[in-house]
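S.K.:
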Amino acid sequence: MTERLGRFGDFGGRFVPEALIAALEELDEARTQAMADPAFTEELARLHRDYTGRPTPLTEVPRFAEHAGGARVFLKREDLTHTGSHKINNVLGQALLTVRMGKRRVIAETGAGQHGVATATAAALMGLDCTVYMGEKDTRRQALNVARMRLLGAEVIPVSHGSATLKDAINEALRDWVTNVEDTHYLLGTVTGPHPFPTMVRDFHRVIGDEAHDQLRAVTGGLPDVVCACVGGGSNAMGIFHRFRDEPSVRLVGFEAGGEGVQTGRHSARFSTGEPGVLHGAATYVLQDEDGQTLDSHSVSAGLDYPSVGPEHAYLRDTGRAEYQPVNDDEAMEAFALLCRTEGILPALESAHALAGALRVGRESAPGTVILVNLSGRGDKDVETAAQWFGLTGDDTTAAGDGELGTRPPEHAPDHPHAPAEGIEA
Amino acid sequence: MNALDTVFTTCREEGRAALMAYLPAGFPDNQASREAMVAVAETGADIIEVGVPYTDPLMDGPVIQDAADRALAAGFRVRDLLGNVEAVAAAGAVPVVMSYWNPILRYGPDAFARDLAAAGGAGMVTPDLIPDEAGQWRAAAESHGLAPIFLVAPSSTDARLAMTTAACRGFVYVASTMGVTGTRTSVGAGARQLVERTRSVTDLPLCVGLGVSTGAQAAEVASFADGVIVGSALVRALGDGLDAGAGLGPLRELTAELAEGVRRS
Numbered sequence: 001m002t003e004r005l006g007r008f009g010d011f012g013g014r015f016v017p018e019a020l021i022a023a024l025e026e027l028d029e030a031r032t033q034a035m036a037d038p039a040f041t042e043e044l045a046r047l048h049r050d051y052t053g054r055p056t057p058l059t060e061v062p063r064f065a066e067h068a069g070g071a072r073v074f075l076k077r078e079d080l081t082h083t084g085s086h087k088i089n090n091v092l093g094q095a096l097l098t099v100r101m102g103k104r105r106v107i108a109e110t111g112a113g114q115h116g117v118a119t120a121t122a123a124a125l126m127g128l129d130c131t132v133y134m135g136e137k138d139t140r141r142q143a144l145n146v147a148r149m150r151l152l153g154a155e156v157i158p159v160s161h162g163s164a165t166l167k168d169a170i171n172e173a174l175r176d177w178v179t180n181v182e183d184t185h186y187l188l189g190t191v192t193g194p195h196p197f198p199t200m201v202r203d204f205h206r207v208i209g210d211e212a213h214d215q216l217r218a219v220t221g222g223l224p225d226v227v228c229a230c231v232g233g234g235s236n237a238m239g240i241f242h243r244f245r246d247e248p249s250v251r252l253v254g255f256e257a258g259g260e261g262v263q264t265g266r267h268s269a270r271f272s273t274g275e276p277g278v279l280h281g282a283a284t285y286v287l288q289d290e291d292g293q294t295l296d297s298h299s300v301s302a303g304l305d306y307p308s309v310g311p312e313h314a315y316l317r318d319t320g321r322a323e324y325q326p327v328n329d330d331e332a333m334e335a336f337a338l339l340c341r342t343e344g345i346l347p348a349l350e351s352a353h354a355l356a357g358a359l360r361v362g363r364e365s366a367p368g369t370v371i372l373v374n375l376s377g378r379g380d381k382d383v384e385t386a387a388q389w390f391g392l393t394g395d396d397t398t399a400a401g402d403g404e405l406g407t408r409p410p411e412h413a414p415d416h417p418h419a420p421a422e423g424i425e426a
Numbered sequence: 001m002n003a004l005d006t007v008f009t010t011c012r013e014e015g016r017a018a019l020m021a022y023l024p025a026g027f028p029d030n031q032a033s034r035e036a037m038v039a040v041a042e043t044g045a046d047i048i049e050v051g052v053p054y055t056d057p058l059m060d061g062p063v064i065q066d067a068a069d070r071a072l073a074a075g076f077r078v079r080d081l082l083g084n085v086e087a088v089a090a091a092g093a094v095p096v097v098m099s100y101w102n103p104i105l106r107y108g109p110d111a112f113a114r115d116l117a118a119a120g121g122a123g124m125v126t127p128d129l130i131p132d133e134a135g136q137w138r139a140a141a142e143s144h145g146l147a148p149i150f151l152v153a154p155s156s157t158d159a160r161l162a163m164t165t166a167a168c169r170g171f172v173y174v175a176s177t178m179g180v181t182g183t184r185t186s187v188g189a190g191a192r193q194l195v196e197r198t199r200s201v202t203d204l205p206l207c208v209g210l211g212v213s214t215g216a217q218a219a220e221v222a223s224f225a226d227g228v229i230v231g232s233a234l235v236r237a238l239g240d241g242l243d244a245g246a247g248l249g250p251l252r253e254l255t256a257e258l259a260e261g262v263r264r265s
């Protein structure tokens, strides 16, 4: 009867079938008790330290920053966690809750496969049955992660309905959950869905921002001027934003997938063309037509290819506390290549959107601006996509712009007409 | 008095349960969907749930998902359902709409309630809108004389049964099992138990949905509920009949079987 339950302003809530309400209540109670129970929080901290490898490093990237208008750029290295992305933070928390609630099975949706891999990993670690729903289109472009999940003992079910991407995987996971809720926990992978998911998932990821805050202070003696993160559902962004929300000097910028360009209609920029609506249990911004039918989203990165966004982001946007900008596929790919060549770090395509955003913000800001970027995942899963994008497949050793990607990069990309970084410098 | 109150009163006087048939608007196209709904009304359905095709129907199994996809591919627009509502009312059955919330939110809840009432609709079932979130819809429905109809589920606590039924008008949609729409070989003892639990907190008619596909199942459910809701089995009969060149024959046959089922004592 609490009309404003789990709300962020007008966003959030619980727009799900009645059959799920009891499970959501149980989950809310379990996570509230667990977070106040030292036995739970200590076990989670131990897993973070001994299993995930936290704290993750903070890396300053001066050679990359040379392309960012004189800004200092620091990367929060979630790519170095066990399983290769920030997703593991939330997964371990929810998997512990699953055991605590006496449930024996977890289900999950996955887009790029990172959340599915993390869930399959935690399920193996804790002896839980695991089923992962994945859009059929995503199973093809992220085949490596499908194999990883199966190696870890999970059942991966391709979803061919609708657009066969992340949103359809969530639909199918919700259908499974409503049928098997008695012994199954839906280990949702981002900061959307019905309450308590947006709050709970954010809280399991706030460790990212908490660590980064202290690490950055140790190096610079202060706060970052700007915090950049990519935003699909928005979990890595909420994780790093949360610590800085109440620091008014810190600018929070989320980067959505602009796909082939917002004007083409083939994108996932919910805050550029989406409007408030309801999808997957939450009131938030949704890419929808004038009838409220969900529109297909697009991105070169499967993890950002989603027509909705976490409700707390909608609130941060409408209140002006955070800003959101689209980054197109080609900008993200250029930033991806630039980080590879300047720093020897291969980022996830999702995170490459945040990197492209950092370059943009840096060039628009005064020299010396301190930019903290959440490098949310590593790009091993994206090698094939990147190789095709840059023409690195096959036997043609000259395919990559006369080998630019394979050799030492130019110190000043704008002077070099064939450098892959040209697009973002322009 | 809402048309739903009248139809349940009539059914009670006849000593039987009401038959409620679900079909999606726009499936396979607008015209054919209206003819199908009229056929079902003429063959014995008392109430017709006019489904709104939606891209993300998370309470629906594959049969209704596929029908929704076909309707949307054929160009279905939400406003088209008003033509279905008018056709059902003209054929003498009571039309209610069943819709996920976002299409209604986008239309504008008050505008939708106004237009639905004007077309002769009696209410709306909302599978993903619980009373806790439905303040705007309940106000719109009340001001236009429509019945808001919410679902209760086997997992609903007693407190939620009381709260949810208190928010309903017309009838209560009792979800027989945990799960999505689709035919099941057995509707199970769970449905009877949930009807009994719900009966103890409300005087509204209780209609059982999810899983009923045969006359025998309809008769079984009719023995303890005030209404029997059939969806996927009818949608399949409609789709298969049209695809096989048998027209509305299979749909009429199944409706007649179900109508006989709810009349068995």
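Sequence order for the protein chains is A and B.
Take the first sequence: its letters are residues 1 to 426, numbered as in the working numbering.
Take the second sequence: its letters are residues 1 to 265, numbered as in the working numbering.
The beta-carbon is built from N, C-alpha and C at its ideal position, and this holds for glycine as well.
This structure is a prediction, so every number in the text was calculated from the model and none was measured.
Quick one: any contact between the stretch 65-75 of chain B and the stretch 12-32 of chain B, if contact means 3 or more CB pairs under 8 Å?
M.R.: Yes: at least three Cβ pairs fall under 8 Å.
S.K.: With distances taken from CA atoms, which of A:Ala118, A:Glu29, A:His67 is nearest arginine 363 of chain A?
M.R.: Ranking the options by Cα distance to arginine 363 of chain A, first place goes to A:His67.
S.K.: Is it true that the stretch 341-358 of chain A meets the stretch 376-386 of chain A, where meeting means three or more beta-carbon pairs spaced less than 8 Å apart?
M.R.: In short, these stretches touch, since the Cβ pair count reaches three.
S.K.: Taking the alpha carbon of threonine 284 of chain A as the point to measure from, which residue in A:Tyr315, A:Ser272, A:Asp296, A:Glu256 has its own alpha carbon closest?
M.R.: Per the Cα distances, A:Tyr315.
S.K.: Output, in chain order, the set of chain A residues within a Cβ distance shorter than 8 Å of valine 78 of chain B.
M.R.: Near valine 78 of chain B (Cβ distances below 8 Å), the residues of chain A are Asp291, Gly292.
S.K.: What in chain B is Cβ-close to alanine 19 of chain A, meaning under 7 Å?
M.R.: Correct list: Ala153, Ser155, Ala175, Met178.
S.K.: Who are the neighbours of leucine 129 of chain B on chain E, taking C-beta pairs under 8 Å?
M.R.: Any reference to chain E falls outside this structure, whose protein chains are A and B.
S.K.: Determine which residues share a DSSP beta bridge with alanine 257 of chain A and list them.
M.R.: BP columns for alanine 257 of chain A point to A:Val327.
S.K.: Can you check whether the CB of cysteine 230 of chain A is closer than 8 Å to the CB of histidine 115 of chain A?
M.R.: The answer is no: Cβ separation not under 8 Å.
S.K.: Have a look at A:Gly259, A:Ser297, A:Gln288, A:Phe336 and flag the residue whose alpha-carbon is nearest the alpha-carbon of aspartate 329 of chain A.
M.R.: Measuring from the Cα of aspartate 329 of chain A, the nearest candidate turns out to be A:Gly259.
S.K.: Quick check: is the beta carbon of proline 28 of chain B nearer than 8 Å to any beta carbon in chain A?
M.R.: It does not; no Cβ of chain A falls within 8 Å.
S.K.: Anything in the stretch 173-187 of chain A with a Cβ closer than 7 Å to a Cβ of chain B? List those residues in chain order, please.
M.R.: Within the stretch 173-187 of chain A, the residues whose Cβ lies closer than 7 Å to some Cβ of chain B are Leu174, Arg175, Val178, Thr179, Val181, listed in chain order.
S.K.: Can you give, in chain order, each stretch of the alpha helix (DSSP H) that sits fully within the stretch 70-117 of chain B and has at least 4 residues?
M.R.: Counting whole runs of 4 or more residues, the stretch 70-117 of chain B contains the alpha helix (DSSP H) stretches 81-90, 101-107.
S.K.: For chain B, is any of its Cβ atoms less than 8 Å away from the one on histidine 267 of chain A?
M.R.: No - not a single Cβ of chain B is within 8 Å of the one on histidine 267 of chain A.
S.K.: Taking just the CA atoms, how far does glycine 70 of chain A sit from arginine 243 of chain A?
M.R.: Cα to Cα, arginine 243 of chain A sits roughly 25 Å from glycine 70 of chain A.
S.K.: Could you have a look at histidine 185 of chain A and say whether DSSP puts it in helix, strand or coil?
M.R.: Correct three-state label for histidine 185 of chain A: strand.
S.K.: So if DSSP puts glutamate 60 of chain A in a beta bridge, which residue, or which two residues, is it bridged to?
M.R.: Answer is A:Phe74.
S.K.: In this structure, does DSSP put methionine 124 of chain B in helix, strand or coil?
M.R.: Looking at methionine 124 of chain B - three-state DSSP - the assignment turns out to be strand.
S.K.: Does DSSP put glutamine 65 of chain B in a helix, a strand or coil?
M.R.: Note: glutamine 65 of chain B maps to helix in three-state DSSP.
S.K.: Can you tell me whether alanine 400 of chain A is buried or exposed? The criterion is at least 16 other CB atoms within 10 Å of its CB, across all chains shown.
M.R.: Any reading at alanine 400 of chain A is ruled out, since the residue's pLDDT is 45, under 50, leaving its predicted position unreliable.
S.K.: Between the C-alpha atoms of arginine 206 of chain A and valine 191 of chain A, what's the straight-line distance to the nearest angstrom?
M.R.: Cα to Cα, arginine 206 of chain A sits roughly 12 Å from valine 191 of chain A.
S.K.: With a threshold of 8 Å, are at least 3 pairs of Cβ atoms found where one atom belongs to the stretch 51-61 of chain B and the other to the stretch 91-103 of chain B?
M.R.: Taking 8 Å as the limit for Cβ pairs, the verdict is that the stretch 91-103 of chain B does touch the stretch 51-61 of chain B.
S.K.: Inspect the beta-carbon positions of threonine 198 of chain B and valine 174 of chain B and report whether they are closer than 8 Å.
M.R.: The answer is yes: Cβ separation under 8 Å.
S.K.: Suppose you measure from the CA of alanine 119 of chain B to the CA of alanine 39 of chain B; what does that come to, to the nearest Å?
M.R.: Roughly 19 Å separates the two Cα atoms.
S.K.: Measuring alpha carbon to alpha carbon, tell me which of B:Ser33, B:Ala89, B:Ala21 ends up nearest alanine 3 of chain B.
M.R.: The shortest C-alpha separation from alanine 3 of chain B is found at B:Ala89.
S.K.: Go through its chain and collect everything with a Cβ distance to leucine 206 of chain B's Cβ below 8 Å, but skip five positions before and after it.
M.R.: Here the set comprises Phe171, Val172, Val174, Val195, Thr198, Arg199, Ala225, Asp226, Gly227.
S.K.: Should arginine 254 of chain A and tyrosine 306 of chain A be called a contact, given that it needs their Cβ atoms to be closer than 8 Å?
M.R.: A quick correction: the sequence has glycine, not arginine, at residue 254 of chain A. Cβ distance not < 8 Å, so glycine 254 of chain A and tyrosine 306 of chain A don't count as in contact.
S.K.: Just by C-beta distance, which residues in the stretch 92-113 of chain B are closer than 9 Å to chain A?
M.R.: The residues in question are Tyr100, Trp101, Asn102, Pro103, Ile104, Leu105, Arg106, Tyr107.
S.K.: Excluding sequence positions up to five away, which residues of its chain have a Cβ less than 7 Å from the Cβ of histidine 82 of chain A?
M.R.: Answer for histidine 82 of chain A: Tyr51, Thr52, Gly53, Ile88, listed in chain order.
S.K.: What are the residues in the stretch 156-173 of chain B lying within 8 Å of chain A by C-beta distance?
M.R.: Residues passing the 8 Å Cβ filter: Ser156, Thr157, Arg160, Met163, Thr164.
S.K.: Does the Cβ of leucine 258 of chain B have 16 or more other Cβ atoms within 10 Å, making it buried, or fewer, making it exposed?
M.R.: Classification for leucine 258 of chain B: buried.
S.K.: Between the alpha carbons of aspartate 402 of chain A and threonine 41 of chain A, how many angstroms are there, rounded?
M.R.: Confidence at aspartate 402 of chain A is low in this model, with a pLDDT of 39, below 50, so its placement is unreliable and no value can be given for it.
S.K.: Please compile the residues from chain B whose C-beta is within a distance smaller than 9 Å of the C-beta of glycine 162 of chain A.
M.R.: Those are Thr55, Asp56, Gln65, Asp69, listed as they occur along chain B.
S.K.: Which term fits arginine 217 of chain A, buried or exposed, when burial requires 16 or more other beta carbons within 10 angstroms of its beta carbon?
M.R.: Arginine 217 of chain A should be labelled exposed.
S.K.: With a threshold of 16 other CB atoms inside 10 Å of the CB of tryptophan 389 of chain A, please say whether the residue is buried or exposed.
M.R.: Burial call: buried.
S.K.: Given a limit of 7 Å on CB to CB distance, which residues of the stretch 114-145 of chain B reach chain A?
M.R.: If the cut-off is 7 Å between Cβ atoms, the stretch 114-145 of chain B has Pro127, Asp128, Leu129, Ile130, Asp132, Glu133, Gly135 near chain A.
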